[in-house]
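In what follows, a structure is listed as structure tokens, so that the remarks can point back to it.
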Amino acid sequence: MAQPTNNKMGKIYIASMNMRGSWGTKIDPNSTTVNVTSAQGKVSKNRRDFSPMTPIEGGYHGYWNFESRWQSGKIFEGIDENVVKAWWKAQQAPKRRYPKGKGKRILCARFEGYEEMGDIDYITARMTVYVKEYYELIKNREMTLHWKKALEEGKNITIYDFDGPRTEDGGVTCLEVTEDVLKEKIMDTKFPFGHGYVVACAISGIDINTFCK
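Here our numbering is used: the first residue of the sequence shown is -4, the next is one more, and so on.
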């Protein structure tokens, strides 16, 4: 006799975490933990496939990894844009920020490939560059497909990211990933919109165009 199949898709949650600190408490304590950061062993497949710090074979738009590409778009007051981009293109190790940009005001963003858009504001850059480019990078990777299958089989998953959801006072928390949550968080400039949200979309099948114009 054929075994009954489970047609109920699992739920996907996202939680924030602090470096060497507290992690957001899971809504479903039995859900599978998926750490999408570089703060884990280098042999981790989740780190390899999901961290923006992971080097990309052959480079990415002239940069060593996606994080360098993203950070290179910042236009600092009083600093030559070409100098900043050249610095990022020269990096062959994970970096989170341009060292001479500390304390400088960020005027806007400009990215290669988006010249026709001119000066891009923060939220538009998130939607147009960060979310859409990163989604295309990870959508067919091994662990994306692995966790997508697990979700389809009914397993609940909690994604952990440093730039996951935060409480008003910056504390760690956990939320179910829904279109409404994504629409809210993409517009919230108080806190970063981390790549964990993009991973959640790639795994769950949420269309990024529902919250990215």
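Using N, Cα and C, we set each Cβ at its ideal position, and we do this for glycine too.
Just measuring C-alpha positions, the residue of THR153, PHE157, GLY191, LYS185 sitting nearest GLY16 is PHE157. Under DSSP, LYS69 forms a beta bridge with ALA104. Here DSSP, grouped into helix, strand and coil, assigns ARG42 to helix. Straight-line measurement puts the Cα of THR139 at about 14 Å from the Cα of THR153. Inter-segment contact for the stretch 60 to 72 and the stretch 122 to 133 is present: three or more beta-carbon pairs are separated by less than 8 Å. For GLY159, the closest of GLY149, ASN151, ILE74, VAL194 by C-alpha to C-alpha distance is VAL194. Residue environment analysis places LYS80 among the buried positions, since at least 16 neighbouring C-beta atoms fall within 10 angstroms of its C-beta. Residues of the same chain with a CB within less than 8 Å of the CB of LYS150, apart from the 5 flanking positions on each side, are GLY5, SER26, THR27 in chain order. Counting along the chain, no beta strand (DSSP E) covers VAL176; the unbroken alpha helix (DSSP H) around it starts and ends at 174 to 181. DSSP places ASN60 in the strand class (E or B) of the three-state scheme. Excluding its 5 nearest sequence neighbours in each direction, GLN66 has C-beta neighbours in its own chain below 7 Å: TRP83, ARG92, TYR93, listed in chain order. The Cβ atoms of LYS127 and CYS207 sit closer than 8 Å to each other.
Restricting attention to ASN204, GLY191, THR123, ILE201, the CA atom closest to the CA of ARG42 is found in GLY191. Contact between the stretch 36 to 51 and the stretch 167 to 177 is absent, with fewer than three C-beta pairs closer than 8 Å. Approximately 4 Å separates the beta-carbon atoms of ALA104 and ALA120; this is inside 8 Å, confirming the contact. Looking at the DSSP output, GLU171 sits in a beta bridge with TYR8.
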